[in-house]
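Below is one structure, written out as structure tokens, with a few remarks after it.
Numbering (my numbering), first residue to last: 734 to 963.
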């Protein structure tokens, strides 16, 4: 294994345990070209090599972050994006929901306030339960439910029995899902769930609920517009 060498570090010949291009170049120079490589030259070579690798990794990471965006649901589906925020000071939480069709058109947007919540972990499961129960009454039948709540969504994607403190909520959610024609849970990153996140953050500040048909609140309009597939 290769450990990172600081700029002021000292390199010894043990560095040729490094695998890959670095070791190949070192052996070629030593064995085939008859060159003697000083410790300083080897250290410079390693430093340049690692900087090049860092540059590649950074470019790859930036590219991946930029590519994370909201994606429209499959044909004949609607997508429900949701997020939950918890305010510890007043023990309140907020559920934010935005429902869009296959072309990114907003069907509904909602924010709902809850009080007397025991913990953020319970909030996420309880909010998800309330959400799918409400949307069933709206008449939706084929839904993709997407959020950045990884722990809850993983439990819902699993077919096993959940024995955690939110196991009862998970069981209730699964039971309601069976009443849809198709109900699929998907996890996404915060960057692709920005509208739902704005709904909960702003509504906790304003301490009020919303229910809008065909649009989102003014503070989320620009983000929702940017997410429309082209």
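Quick reminder that beta carbons are idealized off the backbone N, C-alpha and C, glycines included.
Among the bridge pairs identified by DSSP, residue 916 is matched with 876. Counted as a single uninterrupted DSSP element, the beta strand (DSSP E) harbouring residue 945 occupies residues 943–946.
Comparing C-alpha distances from residue 827 to each of 956, 955, 869, 937 shows the shortest one belongs to 937. Restricted to the stretch 827–899, the alpha helix (DSSP H) segments that are unbroken, complete and at least 4 residues in length are 853–871, 883–890, listed in chain order. By the neighbour-count definition (other C-beta atoms within 10 Å, threshold 16), residue 942 is an exposed residue.
Sequence-distant Cβ neighbours of residue 843 in its own chain, meaning closer than 6 angstroms and more than five residues away, are 830, 944. At a Cβ-Cβ threshold of 8 angstroms, residue 874 and residue 914 count as neighbours.
The three-state secondary structure of residue 825, taken from DSSP, is strand.
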